[in-house]
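Chain order of the listed sequences is A and B. Every letter in the first sequence is one number past the one before it in my numbering, and letter 183, counting from 1, is 183. Start counting at 1 in the second sequence, then tack on 1000, and there's your number in my numbering. The C-beta atom is built at its ideal place from N, Cα and C for all residues, glycine as well. Report on the structure given below.
There are 2 protein chains.
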Amino acid sequence: MKEGLREKRKRQLKSELSRQAIQLFTQKGFEETTIDDIVGPLAVSKRTLFRHFATKEDLVFAWYEELTDELVRELEARPRTEAPFESVCETLRSLLKYYDENPKWALAMTRLAKATPALLGKSFEKRSIWERELAKVLAKRLPNAPGRDLTARVTVAAALAAFTCGIDEWTDSRGKPDIRVCLDRAFSVVRSFA
Amino acid sequence: MKEGLREKRKRQLKSELSRQAIQLFTQKGFEETTIDDIVGPLAVSKRTLFRHFATKEDLVFAWYEELTDELVRELEARPRTEAPFESVCETLRSLLKYYDENPKWALAMTRLAKATPALLGKSFEKRSIWERELAKVLAKRLPNAPGRDLTARVTVAAALAAFTCGIDEWTDSRGKPDIRVCLDRAFSVVRSFA
DNA sequence: CACAATATGTCACCAAGTGACACTTGTCAA
DNA sequence: TTGACAAGTGTCACTTGGTGACATATTGTG
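Following this line, the structure appears as structure tokens:
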């Protein structure tokens, strides 16, 4: 065992690259920042960067994928008695801790993503990974009736859509309102379609 | 007026390029098809292609944007008495005519999009344009209360999410089931959240 | 210490776009 | 009809994201 030192360095470098990239992206813009710009100050080769990140966009969104497992566990931990839609909402709500941790950074990130088409697309792509994984988990706790998978998928997709809208609302208001209020209002809209 | 001959040719070439591209993409795959592959048989220069389409992905999804206006008009035409969510559902339902027109092609397209990450991202990007435009229209017919914009956005987003799931279900089942049934089931899941 | 596994750097290369400039071809007014 | 302007096109050079191959370190293990 003890795969310690190598992995530690690896993660350190990876997060350093990501940090540096986001820094530059928010400062000069995504398209205007070249890979060499990112890699130069860190004395790392371009090739190495692309061994850690599949694409330039992933420099921004790699952490999305790392969060997937956490979300899955969160959903699995929800009580069986809870309504499925509510379970997903609460699961997504758990992400707010990252917004609490560093609101300014979260705000900058979402604004950057919204301002750059390429990043917007990627973020949706990552979101669809969450959607798929969470739907898988949710399906397991649904009665085994025909259309179970579809029900699970729609439930997750709707909750995610509302989540995104809630976050967007918060972002568009420059982080002024309480993010939990934004989110709750978004979720309750979905509950209102008789 | 009478901007006839030039525009006609322009549109003709554009659709020809798109057709050729999709043909090759479905045949050899998106990444495996190069721009020169597309452009060669049509005796058109690479540069010209990129004057008609901003990106390689747009060769597949340009029609998405052209549909936006149609969707907007469709939503505006829905009766004021209808529940907002239902209006959006019906609006999206109107897209089915394109699936009816050529189911095989529609199936091939959605499968292609699902199989290619780059295309998946782009399709979400385009979907978000629909979302924004439709939300704008919907907001106008909602009571002018605080949170109106958020309500409109969530309503549209939820309907779109369900729509996508319904189409996905149909696609995953290889177009066997009735697409309208898939869609209706997806929509009714959203209606079922207490 | 020696050996295998990994991470890294270098270099050459491909493909997606872009900018600049010259050339052709519809369009329309006189 | 003609002549001038606008719009579309081709060519070419160039930038940039991304990959494959190979050599070189660096590190964990017996």
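- Closest option to K14/A, judged by alpha-carbon separation, among D172/A, L96/A, V88/A and W63/A: W63/A.
- Taking a beta-carbon distance threshold of 9 Å, P1143/B does not count as an interface residue toward chain A.
- The three-state secondary structure of K14/A, taken from DSSP, is helix.
- When the beta-carbon positions are compared, V39/A and C1165/B stay at least 9 Å from each other.
- Boundaries for A145/A: no alpha helix (DSSP H) harbours it, and the DSSP string shows neither H nor E there.
- Listed by position along chain A, the residues whose Cβ is nearer than 8 Å to that of A1158/B are A158, A161, A162, V189, V190 and F193.
- Between the region 53-67 of chain A and the region 117-124 of chain A there are three or more inter-stretch CB-CB distances shorter than 8 Å, so the stretches are counted as touching.
- Leaving aside the five residues that flank R185/A on each side, none in its chain has a CB nearer than 6 Å to its CB.
- Counting along the chain, no alpha helix (DSSP H) covers E1031/B, and no H or E run does either.
- When Cβ pairs closer than 8 Å are counted between the two stretches, the region 147-161 of chain A is seen to touch the region 1158-1172 of chain B, the count reaching three or more.
- The contact set of L1150/B on chain A, defined by CB atoms closer than 9 Å, consists of C165, G166, D168, E169, C182, R185, A186 and V189 in chain order.
- In this structure, S1094/B keeps its C-beta atom at 9 Å or more from the C-beta atom of E1066/B.
- Within the same chain, R148, D149 and A152 come within 7 Å of A139/A by CB-CB distance, once the 5 residues on both sides are set aside.
- Between T33/A and A108/A, the C-beta spacing is not below 9 Å.
- Between the alpha carbons of K1176/B and A1113/B lies a gap of roughly 19 Å.
- With 16 or more other Cβ atoms from the protein chains shown falling within 10 Å of its own Cβ, T1110/B counts as buried.
- Taking 9 Å as the CB threshold, K1122/B lines the interface with chain A.
- Neighbours of T155/A in chain B, taken as residues whose beta carbon is under 7 Å from its own, are V1189 in chain order.
- Of all residues in the region 128-141 of chain A, those with a C-beta nearer than 8 Å to a C-beta of chain B are S128, reading in chain order.
- Taking a beta-carbon distance threshold of 9 Å, E125/A counts as an interface residue toward chain B.
- When 7 Å is used as the limit between beta carbons, F85/A is near these residues of chain B: F1193, in chain order.
- Under the three-state reduction of DSSP output, T1164/B falls in the helix class.
- Annotation for P84/A: the continuous alpha helix (DSSP H) segment containing it runs P84 to R93.
- Listed along the chain, the chain B residues whose CB falls inside 7 Å of the CB of P117/A are E1125.
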